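Written out below as structure tokens is the structure these notes cover.
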Amino acid sequence: MPELVFFSGTMDCGKSTLALQIGHNRSARGLQGVIFTRDDRAGEGKLSSRLGLVTDAVEADEDMDLYAYLVDRVTRGGRVDYVIVDEAQFLAPVQIDQLARIVDDLDLDVFAFGITTDFRTKLFPGAQRLIELADRIEALQVEALCWCGARATHNARTVGGEMVVEGAQVVVGDVNQLAGEVGYEVLCRRHHRRRMTAEAARAVALSPDVLPVAAE
Ligand SMILES: Nc1ncnc2c1ncn2[C@@H]1O[C@H](COP(=O)(O)OP(=O)(O)O)[C@@H](O)[C@H]1O
Ligand SMILES: Cc1cn([C@H]2C[C@H](O)[C@@H](COP(=O)(O)O)O2)c(=O)[nH]c1=O
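Letter by letter, the sequence shown follows residues 12 to 227 in the working numbering.
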């Protein structure tokens, strides 16, 4: 039975890598897939992983009807056995409905990959619709870690090294950015709530205001 599967996790937990692996394993067995993505860091029409792998993909623009695209492709004699979607959080809710229709009416598996929440811990509309419609939601097995060692569950945005909680929902970017640039850092909920990034924690530890603990 074909499924709409949502593979979700924080930034930097291996989603794009898994998307590439799923595509590789299927194409190694002669299956042909369509890979959609939107606003990958590597540029338009690319699906890239931090492990260095990158593949061509179809850029799913805001107005694109993903179901109609596949029907057109098949009608022209193209073969499609499965569909992969990376950065699925950026898709419009109506495009997630189109993915569900691809599963139900075209009998194709759709594997969607994305983060669920933005830097303010609010759901992306595309991720919300995936949670509502997916047959299955899978958490990535490789956990990203907060600087404290706990499992990272949230994405923080930094500007000039400082965590921010206001701004546009979508700003394409990466973790480990240079100070001064917009960047991201994955944190556990406790440290996201306290706005305590690795840099902020280092500054607190080095502050002369922090008294050494007296021996009892
Ligand atoms: N130099 C490295 N050596 C080993 N693994 C790495 C290295 N750099 C990144 N990774 C792995 O790649 C993961 C990020 O993969 P990626 O698919 O780009 O993540 P996502 O799509 O979830 O943002 C990291 O969590 C880490 O496990
Ligand atoms: C938290 C957050 C992230 N983004 C952007 C930053 C990246 O370009 C992608 C996530 O990509 P990844 O492969 O999962 O690392 O999303 C954003 O636009 N807004 C946010 O709040």
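Ideal Cβ positions, reconstructed from N, Cα and C, are used throughout, including at glycine. Small disclaimer: the values here were computed from a predicted structure and weren't measured.
For residue 74, there is no enclosing beta strand (DSSP E), since its DSSP letter is neither H nor E.
Among the bridge pairs identified by DSSP, residue 96 is matched with 47, 123. Remark: three or more beta-carbon pairs, one from each stretch, lie closer than 8 angstroms, so the region 192–207 and the region 159–170 are flagged as touching.
Distance from the C-beta of residue 153 to the nearest heavy atom of ligand 1 is below 6 angstroms. Between residue 38 and residue 85, the alpha-carbon positions lie close to 18 angstroms from each other. Non-local beta-carbon contacts of residue 190 in its own chain, meaning distances under 7 angstroms to residues more than five positions away in sequence, involve 171, 172 in chain order. Rounded to the nearest whole angstrom, the C-alpha separation of residue 125 and residue 188 is 20 angstroms. For ligand 1, a non-hydrogen atom lies closer than 6 angstroms to the CB of residue 28.
Judged by DSSP secondary structure, residue 173 falls within the beta strand (DSSP E) whose first and last residues are 173–175.
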